[in-house]
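Structure first, commentary second.
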Amino acid sequence: MSSQNHDPNIWQRLHLDLPLLLGILSLMLFGLFVIYSAGGEDLALLERQLVRMGLSLAIMFIVAQINPEVFRRWAFPIYLAGIALLLGVHFFGEINKGAQRWLNLGFMEFQPSELIKLAFPITMAWYISKYPLPPKKRYLAGAGVLLLIPTLLIAKQPDLGTSILVAASGIFVLFLSGMSWAIVGTFVGGILAMLPVLWFFLMHDYQKTRVLTLLDPEKDPLGAGYHIIQSKIAIGSGGPWGKGWLDGTQSQLEFLPERHTDFIFAVIGEEFGLIGSALLLIMYLFVIGRGLVIASQAQTSFARLLAGSITLTFFVYIFVNIGMVSGLLPVVGVPLPLISYGGTSMLTLMTGFGILMSIHTHRRFVDR
Amino acid sequence: MPPRKRITMHDHAAEASLFKRRALFTFACVVILLSILLANLYHLQIISYKDYATRSNDNRIRVVPVAPSRGLIYDRHGKLLAENRPFFSLELIPEKVKDIPKILKELSQIIPITADEQQDFIASLKHHRRFKPLTLKNRLTEEQVALFSVNQHKFPGVAVVAGLKRHYLYNGLITHALGYVGRINDRDQARLRRSEQWKNYAATKDIGKLGIEKFYESLLHGKPGHLEEEVNNRGRTIRTLKSVAPQPGQDIYLTLDLDLQRKAMELLNGRRGSVVAIDPRDGGILALASSPTYDPNLFVHGISSKAYNKLLNSKSRPLINRATQGQYAPASTVKPHLALLGLDEKIITTKTRIWDPGFWQIPGVARKYRDWKRWGHGWVDVRDALIHSCDTFFYDLAYNTGVNKIAQFMEPFGFGKRTGIDIFEESAGIMPSKDWKRLRYNQPWYIGDTISVGIGQGYWTTTPLQLANAAAILANKGRRFTPHLLKSIKNSTSKIDTPIDELAPIELNDPQNWNIVNEAMRDTAHKKRFKDSPYTAAMKTGTAQVISVAQNTRYDADAIAEHFRDNALTIAYAPFENPRIVVAVVLENAGWGGANAGPVAKALLDEYMLRDTLEPLQ
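Heads up: the sequence lines are chains A and B, in that order. Going left to right, the first sequence walks through residues 1 to 368 as my numbering numbers them. Going left to right, the second sequence walks through residues 369 to 986 as my numbering numbers them.
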């Protein structure tokens, strides 16, 4: 016991990064309080979330023990398997809430898109880091193919939120790899040019409705606009100091839909006010900052790109979710990371943090 | 190998520094984007805070209006006439009952709920929120309430709920004066909106529809209170935040004398007719009876269309308030007023005598206007003419006066215009004149018309209330009041008498003329009807020939014969020296006035005067 206290490398030996772990744990703890309130003080709900957190932490711990080299070697095969499973979903998947996302494995239901979320940035980092950086244009084409296949397959399910996250994780790898600004500019311009195509040919009606609703939620206050209106009311009525824990009327009286899952940020805004929201953003900023530090300190390009992509994807979760809940972005199904009630995304996120820790704590072994 | 070759081409230091630059750039982007989120939150939570706080409260706070209880109505002695009775209904909260059909079956063993009612109830459940009580049965009897209460433990989720409904204690006895309340309909709603009263009726179900209930609606209704309740997104009440008690309507006391009213209705005994009794000292109406009547309670709970049509189409027209809307030829009951006119205008004097051969002729015209007494009264002066109700005398008087002068003189007695009684159902009657006939019929006035008016017939019509009022002015020797039903309003601690509306008195050229006429009426009364009366009285009877009935009734072959019979009328007051009560009686198609309406007037005065001597009013 005392030897651990004196040994500065105890965390190193456990393959854990203390600042990141503390950031994660404080977010989770905060999340537990909010879920308790948002879930109507349902202890069973809280218990399930606790179990999920424990499981996620265990997985993170296990993943952290694995040498990043292992991920690098297995990334592409897993990616291919993930694509195969996505195709499997396309042909045999179960329809749930109008979207085909789930694959019934007999004993459990499984979302192959979650696997892709992990495998894809690793694959991308592996692919890009094979060649000298900044990447040459011809490799970018290959990267584009790698990116488009899963993105389109997931978007087709349809799961706009996940496909955005997957595409973003790939794009972050490309950007961090030093892709020339000219290409970045062309790419951004291309996306802007694609928007009308997206609107008229690729987006589902319900997705269009979400965008239109964002522009004017009051047009359909009881239909599509209801979520956004109620969530903005919740946040706005929280004021600077909030209504207090367990005292948010919008959430406690159930005006707020999806209040312990995707719209949990509205509960935070309502019960803890601007102060609470800002505190949450600072906690997130800390985790992101630590992730980018880990990335910068990594010793291979692969590790750097992967760590950077994982960290920035984490940020995309935050931005898309809070942007959606506070009425800046259209409604897409992205949870508030580490806070929202729900299993799959937390497992994926924590696996990602496990990879970050693995990268950070295996440095010497990689190098020597 | 080519791949190996490429790897060797990696410049680790350069790649690391490139990455650092990019990472720094992305971190800056992250900070900017998070700032945008924060700026948006600042906009929502600080700048628009008030707006959203209001909307949040609008979401969660429901204001439930609470109806005030309606003011009670008493008679002049404080006897309750209209009250609010609790009525009980059986309600069921669907979410609290597991097996509704089973519960219904068990309930039906205690309280009769037919299979149809059970099915209707189960059907209506579909369109009902599960946590809101749904009425299973209305108007439970007290016995049923007691029976259910004993067994309540067997029926969780089922409850007896009490509400208040207007109840008229004496059913049809006072209907036409009290009126009734009924469910607020679209027209009531429109009227309330126009008068900006609608918000006071948010929780109120019933409103005065007729009579006192309608006229004094604003006094009786009161002001609603409200509950502020916190509700969830499905409208379920979570808790009550605030409660403001309603302000009940004011209790009112009427000038009516319940016992006299009852006596009047007993005397009418279902016959078509009306009795009005007024206290001549202040214009307070002691009895306002119209017969036949109906039970106003029927309307409170919503009358069936069958029952309503029966009332509406009844030949005897119970819905009409005969006392204020029935228009009858006053006949000989206005002879005292005509005599007064003749004396005061010096058309006749007490010395004037005429010879009555049993008829009267317009000078130079062959047509004979018959006296009711075929062989005539012989020589009569004004006193004789009043006591014997000599038509010939009054034919002559009217001929010498002219109709315009008659109309002018009768106007302050209230003929031909509404008295202003405090109920809305009132007709004006007709006090004919040359101008009136030209306007109404576009015809010239004929001398013969004047002759008919001279005995209170022809175009002249009055309501029983007008007759009573005119008689009261006579008895009062010119003092005039607006007849009214409201006596006082109950304040929190005391009764406040409503101000008496006294009108400018009628000033005669010679006030002595009042006495001549009133004494003739006294002598009329005491000659026969009041011969053995322990108190003094004055009266005048009348018998009106009927051409058509009071209202524009359709002619019905079966009814014609009866409807052609004469209307019997009487005015009377007592005591002669210091009148305290004036009555007017009209009996439709009853025949001779003296024989039919006279006893009714006598019995009423007896009731009032003799009761007074036993138990005098203060």
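Idealized CB from N, CA, C, for every residue including glycine. Computed from a predicted model, the values in this text were never measured in an experiment.
Item, Value
"Own chain partners of Lys388/B with C-beta closer than 8 Å, once the 5 adjacent residues on each side are dropped", "none"
"Amino acids of chain B, ordered along the chain, whose beta-carbon sits closer than 9 Å to that of Ala167/A", "Neighbours of Ala167/A on chain B: none; closest Cβ ~16 Å, over 9 Å."
"Simplified DSSP state of Tyr226/A, which is helix, strand or coil", "helix"
"Beta carbon proximity, Leu328/A to chain B, threshold 8 Å", "yes"
"Residues that Ser301/A contacts on chain B, provided the C-beta gap is smaller than 9 Å", "His378, His380, Glu383, Ala384 and Phe387"
"Chain A contacts made by the stretch 591-622 of chain B, where a contact means CB separation under 8 Å", "Glu598, Val599, Asn600, Asn601, Arg602 and Ile606"
"Cβ neighbours of Ile322/A in the same chain (closer than 6 Å, five flanking residues each side left out)", "Phe265"
"Alpha-carbon spacing of Ile988/B relative to Thr938/B, whole angstroms", "Because chain B in this structure spans residues 369 to 986, residue 988/B falls outside the shown range and cannot be described."
"Segments of 3+ residues assigned as beta strand (DSSP E) that fall wholly inside the stretch 485-509 of chain B", "502-508"
"Segment contact, 8 Å Cβ cut-off, at least three pairs: the stretch 844-861 of chain B with the stretch 625-638 of chain B", "no"
"Burial state of Leu978/B, where buried means 16 or more other Cβ atoms lie within 10 Å", "exposed"
"Any 3 or more C-beta pairs closer than 8 Å across the stretch 81-95 of chain A and the stretch 378-387 of chain B", "no"
"Within-8 Å CB hit, Gly39/A to chain B", "no"
"Chain B contacts from the stretch 55-77 of chain A (Cβ-Cβ distance under 9 Å)", "none"
"Alpha-carbon spacing of Ala942/B relative to Pro664/B, whole angstroms", "32 Å"
"Buried versus exposed, by CB contacts within 10 Å (16 or more), Arg13/A", "exposed"
"Amino acids of chain C, ordered along the chain, whose beta-carbon sits closer than 7 Å to that of Arg390/B", "This model lacks chain C altogether, as its protein chains are A and B."
"Cα-Cα separation between Ile688/B and Tyr809/B, rounded to whole angstroms", "26 Å"
"Below-8 Å beta-carbon distance, Asn506/B vs any chain A residue", "no"
"Beta-carbon gap between Ser700/B and Thr909/B smaller than 8 Å", "yes"
"Helix, strand or coil at Leu148/A according to DSSP, with G and I counted as helix", "helix"
"8 Å Cβ cut-off: residues of chain A touching Ile414/B", "Gly239, Pro240 and Leu274"
"Beta-bridge pairing of Ala766/B - partner residues as DSSP gives them", "DSSP output for Ala766/B lists no bridge partner at all."
"Proximal residues to Leu709/B (C-beta, below 7 Å), its chain only, five neighbours per side dropped", "Thr769, Ile774 and Phe777"
"Neighbour-count burial assignment, Ala734/B, 16 or more Cβ in a 10 Å radius", "exposed"
"Contact set for Gly846/B: own chain, Cβ-Cβ below 6 Å, skip 5 residues either direction", "Pro873 and Ile874"
"Leu401/B at chain A interface by Cβ criterion, 8 Å", "yes"
"Inter-residue spacing [alpha-carbon to alpha-carbon] between Arg507/B and Pro433/B", "23 Å"
"Own chain residues within Cβ distance below 8 Å of Gly178/A, not counting five before or after", "Leu133, Pro134 and Pro135"
"Proximity below 8 Å, CB of Ile716/B to CB of Leu680/B", "no"
"Spatially closest choice to Gln157/A from Gln207/A, Ala125/A and Arg138/A, by CA coordinates", "Gln207/A"
"Coarse secondary structure for Ala382/B, derived from DSSP in three states", "helix"
"Whether Leu25/A touches Tyr341/A by CB criterion (8 Å)", "no"
"DSSP beta-bridge partners of Glu254/A", "Looking at the DSSP assignment, Glu254/A forms no beta bridge with any residue, so it has no partner."
"C-beta contact flag for Arg555/B and Arg438/B at 8 Å", "no"
"Beta-carbon proximity of Leu666/B to Ala657/B, cut-off 8 Å", "no"
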